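Novice: Have a look at this one before I ask anything.
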Amino acid sequence: MARALINVPAKAKRGEVIAIKTLVSHVMESGFRHTNLGAVIPRDIIDTFVCTYNGEEIFRAQLAPAIAANPFIAFHTVATDSGKLEFKWTGDNGFTATEIATITVE
Amino acid sequence: MTLVRLASAFALLSLTTAELAHAEIPLAERRSGYADMAPETKAMQDDDAANPGMLAVLDGEALWNAKAGTAAKSCADCHGDARSAMKGVAARYPAFEPAQNRPINLDQRINLCRTERQQAPAFPYESRNMLALSAYVGRQSRGEKIAPPDDARLRPHLDAGRERYNVRIGQLNLACNHCHDDNWGKKLAGNVIPQAHPNGYPLYRLEWQSLGSLQRRLRNCMIGMRAEPYAYGALEYVELELYLMWRARGMTIETPAVRP
Amino acid sequence: MRESSPTTQTTRRRVLAGAGALVGGAALPAVLTPPAAAQIQANPAALAMAIRKATGGAEVKTGKVKLEVPPLSENGNSVPMIITVDSPMTQESYVKAIHVFTEKNPQPNVISVQLGPRAGKALLQTRIRLADTQTISAIAELSDGTFWSDSADVVITLGACLEDNP
Numbered sequence: 002m003a004r005a006l007i008n009v010p011a012k013a014k015r016g017e018v019i020a021i022k023t024l025v026s027h028v029m030e031s032g033f034r035h036t037n038l039g040a041v042i043p044r045d046i047i048d049t050f051v052c053t054y055n056g057e058e059i060f061r062a063q064l065a066p067a068i069a070a071n072p073f074i075a076f077h078t079v080a081t082d083s084g085k086l087e088f089k090w091t092g093d094n095g096f097t098a099t100e101i102a103t104i105t106v107e
Numbered sequence: 106m107t108l109v110r111l112a113s114a115f116a117l118l119s120l121t122t123a124e125l126a127h128a129e130i131p132l133a134e135r136r137s138g139y140a141d142m143a144p145e146t147k148a149m150q151d152d153d154a155a156n157p158g159m160l161a162v163l164d165g166e167a168l169w170n171a172k173a174g175t176a177a178k179s180c181a182d183c184h185g186d187a188r189s190a191m192k193g194v195a196a197r198y199p200a201f202e203p204a205q206n207r208p209i210n211l212d213q214r215i216n217l218c219r220t221e222r223q224q225a226p227a228f229p230y231e232s233r234n235m236l237a238l239s240a241y242v243g244r245q246s247r248g249e250k251i252a253p254p255d256d257a258r259l260r261p262h263l264d265a266g267r268e269r270y271n272v273r274i275g276q277l278n279l280a281c282n283h284c285h286d287d288n289w290g291k292k293l294a295g296n297v298i299p300q301a302h303p304n305g306y307p308l309y310r311l312e313w314q315s316l317g318s319l320q321r322r323l324r325n326c327m328i329g330m331r332a333e334p335y336a337y338g339a340l341e342y343v344e345l346e347l348y349l350m351w352r353a354r355g356m357t358i359e360t361p362a363v364r365p
Numbered sequence: 271m272r273e274s275s276p277t278t279q280t281t282r283r284r285v286l287a288g289a290g291a292l293v294g295g296a297a298l299p300a301v302l303t304p305p306a307a308a309q310i311q312a313n314p315a316a317l318a319m320a321i322r323k324a325t326g327g328a329e330v331k332t333g334k335v336k337l338e339v340p341p342l343s344e345n346g347n348s349v350p351m352i353i354t355v356d357s358p359m360t361q362e363s364y365v366k367a368i369h370v371f372t373e374k375n376p377q378p379n380v381i382s383v384q385l386g387p388r389a390g391k392a393l394l395q396t397r398i399r400l401a402d403t404q405t406i407s408a409i410a411e412l413s414d415g416t417f418w419s420d421s422a423d424v425v426i427t428l429g430a431c432l433e434d435n436p
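Here the protein sequences line up with chains A, B and C, keeping their order. Following our numbering from start to finish, the first sequence increments by one per residue and tops out at 107. Following our numbering from start to finish, the second sequence increments by one per residue and tops out at 365. Following our numbering from start to finish, the third sequence increments by one per residue and tops out at 436.
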């Protein structure tokens, strides 16, 4: 099942600043909602998102319940070398999701 | 448009006796709910990398290719590549199902294939799998024009759907046409009233924070009118869907759309 | 005003209260369903503490940061936000972190991101939840230890036909 959608350019020139878009499937239950009977719906969110580029961390985010469901996070990075970008989301209830994108830098 | 004017417009409408004989939106004046959205929401729909509906489409693609049921068949085993096989399909549903002697919608068609061809259990309505497959199939009709089948057997059901669209329901005692034919484009509690075309389903509704079907949206409306909604899968919904698709004939499909 | 009982048992009074709340316009969004009808109020103390935690008490100047949110949002469940910081993003001068805060959400933090010179551009785009019409603020920490901020106001409207139990 597809947990996440990554958008990274397949090719880039060395030194080019590229845009990365990420979308992950997650309810991001805030922990502030109640059922019709008044019981609190427990918090269930992604709290951390990390991106590494050929093993080196290039972006890290801490998410609060205020991030909308199915978190969309877009950022930039400098295309340095060809290789692998790895994206990892972790959160409550042992949630983890990983996606990998490859990039060719010439 | 203030609510005072809207309320007096409603008051006038309640005096009308010929409730069923009213003006439908002229074909040239029809507009998709997309046109009523803020630029940011439009951008969310337009960008496949930002549209949460695309997550469901990806899930649906996996389901399309997965073997299921005791028959151990996938959708692909019979239908092949969905990109060609399913192109235009969502545009011509609901369709008449002779075995059941009634129209069925796309979700029901998918479940017929599941139970009869794959010998797999039907997906529950509004389940993640149901929405994913429905989004994937619907996505193959994105850009296509809505084309309800020219089938005489559908006629009585189309009429029933039209009648239901025009009948007052609930404690608010309003019919669909009062908002969506007579007052579209005006504001209700801060939101623009859309013409209510079904051209983007299943869609990601910001209010739901998830993907949902047309039936879910119709239920929302009925609950909004403080009326008892029909059970999921009821013929009433399919007839209403049939009328809505006929009303939106020729409009472009946007599945998976995003709406506020 | 969110109903707290099943729709089928809605009384006429509740219907009128609900309709009245819609007409009034200052209604609660779908995200919060407080049974005790808690008011959504600014919590300046919590906000100040959250900011102090991020900045270590350092002075926060206005400028360099651009916080873009739609002034009027169709739905508080998903408000798109873009933050850009004016920085060359070189080894000598770059944005280390960006923090976003709200004043009226149940808790003040929204997101914190750590960047570096490898980012190339200090730009963050995401979608956030806002409980009510309020002010959002973004604070950027630069590599030279200074803090810069921007803020923006968002008006949150509520959907017209509320869903109870789908």
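Glycine included, every Cβ here is placed at the ideal spot set by N, Cα and C. On a predicted model such as this, the values are computed, not experimentally measured, just so you know.
Ignore the nearest five residues each way along the sequence and tell me which others in residue 360(C)'s own chain have a CB closer than 7 angstroms to its CB.
Specialist: What you label residue 360(C) is simply residue 90 of the third sequence in a count that begins at 1. Only 387 meet the Cβ criterion.
Novice: Going by C-alpha to C-alpha distance, which of 8(A), 26(A) and 25(A) sits closest to residue 19(A)?
Specialist: Looking up residue 19(A) in the first sequence gives position 18. If we check each option's Cα against that of residue 19(A), 8(A) comes out closest.
Novice: If we require 4 or more residues per run, which alpha helix (DSSP H) segments fall completely within the stretch 252-290 of chain B?
Specialist: 260-270 and 281-285
Novice: Please list the residues of the stretch 133-154 of chain B that have a C-beta atom closer than 9 angstroms to any C-beta atom in chain C, keeping them in chain order.
Specialist: 142, 143, 144, 145, 146, 148 and 149
Novice: Between 322(B), 136(B) and 169(B), which has its C-alpha nearest residue 238(B)'s C-alpha?
Specialist: The sequence position of residue 238(B) within the second sequence is 133, counting from 1. The candidate whose alpha carbon is nearest that of residue 238(B) is 169(B).
Novice: Just the Cα atoms here: how many angstroms apart are residue 163(B) and residue 342(C)?
Specialist: Sequence index remark: in the second sequence, residue 163(B) carries index 58 (1-based). Sequence index remark: in the third sequence, residue 342(C) carries index 72 (1-based). Roughly 32 angstroms between the two C-alpha positions.
Novice: By how many angstroms is the C-alpha of residue 327(C) removed from the C-alpha of residue 230(B)?
Specialist: Here residue 230(B) is taken as the residue at index 125 of the second sequence, counted from 1. Here residue 327(C) is taken as the residue at index 57 of the third sequence, counted from 1. Cα to Cα, residue 230(B) sits roughly 53 angstroms from residue 327(C).
Novice: Starting from residue 130(A), find everything on chain B with Cβ-Cβ shorter than 7 angstroms and list it in chain order.
Specialist: Residue numbering for chain A in the displayed model covers 2 to 107; residue 130(A) lies beyond these limits and cannot be assessed.
Novice: Would you report the Cα separation of residue 364(B) and residue 139(B), rounded to the nearest angstrom?
Specialist: Against the second sequence, residue 364(B) aligns to sequence position 259. Against the second sequence, residue 139(B) aligns to sequence position 34. Between residue 364(B) and residue 139(B), the C-alpha separation is close to 7 angstroms.
Novice: Using three-state DSSP, classify residue 242(B) as helix, strand or coil.
Specialist: The residue you call residue 242(B) lines up with position 137 of the second sequence. The answer is helix: DSSP assigns residue 242(B) an H, G or I state.
Novice: With a cut-off of 7 angstroms, does the C-beta of residue 322(C) fall near any C-beta of chain A?
Specialist: Within the third sequence, the letter at position 52 stands for residue 322(C). Not closer than 7 angstroms to any Cβ of chain A, the Cβ of residue 322(C) fails to qualify, so no.
Novice: In this structure, does DSSP put residue 423(C) in helix, strand or coil?
Specialist: As a working note, residue 423(C) is residue 153 in the third sequence. Three-state result, residue 423(C): strand.
Novice: Taking 7 angstroms as the CB-CB cut-off, is residue 26(A) touching chain B?
Specialist: Walking along the first sequence from the start, residue 26(A) turns up at place 25. Judged by the 7 angstroms Cβ criterion, residue 26(A) is in contact with chain B.
Novice: If the cut is a Cβ gap below 8 angstroms, which residues of chain C does residue 311(B) touch?
Specialist: Position 206 of the second sequence, counting from 1, holds the residue named residue 311(B). By Cβ distance, chain C contributes 344, 345, 347 and 348.
Novice: Determine, using beta-carbon pairs with one atom in the stretch 73-83 of chain A and one in the stretch 47-62 of chain A, whether at least three such pairs fall under 8 angstroms.
Specialist: yes
Novice: Listing by chain order, which chain A residues have their CB less than 7 angstroms from the CB of residue 340(C)?
Specialist: To locate residue 340(C), count along the third sequence from 1; it is residue 70. Those within 7 angstroms of residue 340(C) in chain A number zero; the least Cβ separation is about 14 angstroms.
Novice: Pull out every residue of the stretch 59-86 of chain A whose Cβ sits closer than 9 angstroms to any Cβ of chain B, in chain order.
Specialist: So the list reads 69, 70, 71, 73 and 75, given in the order they occur along the chain.
Novice: Should residue 163(B) be counted as a contact of the ligand GTP given a C-beta to heavy atom distance under 6 angstroms?
Specialist: As far as ligands go, the structure on display features none, and thus does not contain the ligand GTP.
Novice: Alpha carbon to alpha carbon, what distance is there between residue 373(C) and residue 314(C)?
Specialist: Start at 1 with the first residue of the third sequence, and residue 314(C) comes out as number 44. Start at 1 with the first residue of the third sequence, and residue 373(C) comes out as number 103. Each residue's Cα considered, the two are about 7 angstroms apart.
Novice: So, at 8 angstroms on beta carbons, what are the nonlocal neighbours of residue 418(C) in its own chain, with the 5 sequence-adjacent residues on each side left out?
Specialist: Counting from 1 along the third sequence, the entry for residue 418(C) is found at position 148. Only 330, 331, 332, 333, 334, 335, 355, 409, 410 and 412 meet the Cβ criterion.
Novice: In chain order, which continuous runs of the beta strand (DSSP E) of length 3 or greater are located wholly inside the stretch 167-216 of chain B?
Specialist: Runs of the beta strand (DSSP E) lying entirely within the stretch 167-216 of chain B and spanning at least 3 residues, in chain order: 200-202 and 207-209.
Novice: Rounded C-beta distance between residue 338(C) and residue 351(C)? I'm assuming under 8 angstroms.
Specialist: The residue you call residue 338(C) lines up with position 68 of the third sequence. The residue you call residue 351(C) lines up with position 81 of the third sequence. Right, the Cβ-Cβ distance comes to about 7 angstroms (below 8 angstroms), so this counts as a contact.
Novice: Checking contacts by CB at 7 angstroms: is residue 12(A) closer than that to chain E?
Specialist: In the structure shown, chain E does not exist; the protein chains are A, B and C.
Novice: Which stretch, first to last residue, makes up the alpha helix (DSSP H) that contains residue 319(C)?
Specialist: For the purposes of this step, residue 319(C) is taken as residue 49 along the third sequence, with counting starting at 1. Here the alpha helix (DSSP H) through residue 319(C) covers 314-325.
Novice: Where does the unbroken beta strand (DSSP E) through residue 52(A) begin, and where does it stop?
Specialist: Here residue 52(A) refers to the residue found at position 51 when the first sequence is read from its first residue. From DSSP, the beta strand (DSSP E) with residue 52(A) extends over 47-54.
Novice: Which residue wins for smallest C-alpha separation from residue 416(C), given the options 364(C), 396(C) and 385(C)?
Specialist: As a working note, residue 416(C) is residue 146 in the third sequence. When each option's Cα is compared against that of residue 416(C), the closest is 364(C).
Novice: So residue 18(A) contacts chain C; which residues on that side make the cut at Cβ distance below 9 angstroms?
Specialist: Looking up residue 18(A) in the first sequence gives position 17. Neighbours of residue 18(A) on chain C, chain order: 359, 389, 390 and 391.
Novice: Please give the ranges of any beta strand (DSSP E) in the stretch 294-330 of chain B, keeping only runs that are unbroken, at least 3 residues long and fully inside the region.
Specialist: 308-310 and 315-317
Novice: If you compare alpha carbons, which of 48(A), 72(A) and 107(A) is closest to residue 311(B)?
Specialist: Here residue 311(B) is taken as the residue at index 206 of the second sequence, counted from 1. Ranking the options by Cα distance to residue 311(B), first place goes to 72(A).
Novice: Kindly indicate if chain B contains any beta-carbon less than 7 angstroms away from that of residue 396(C).
Specialist: As a position in the third sequence, residue 396(C) is number 126, starting the count at 1. No, its Cβ sits nowhere closer than 7 angstroms to a Cβ of chain B.
Novice: Is the CB of residue 205(B) under 7 angstroms away from at least one CB in chain A?
Specialist: Mapped onto the second sequence, residue 205(B) falls at position 100. Judged by the 7 angstroms Cβ criterion, residue 205(B) is not in contact with chain A.
Novice: Could you pull out every residue in the same chain whose Cβ sits closer than 8 angstroms to the Cβ of residue 188(B), ignoring the five residues on either side in sequence?
Specialist: Your numbering for residue 188(B) matches position 83 in the second sequence. Cβ within range, chain order: 245.
Novice: Distance cutoff 7 angstroms, beta carbons only. Does residue 303(B) sit that close to anything in chain C?
Specialist: To locate residue 303(B), count along the second sequence from 1; it is residue 198. Residue-level contact by beta carbon fails for residue 303(B) and chain C, as no gap is shorter than 7 angstroms.
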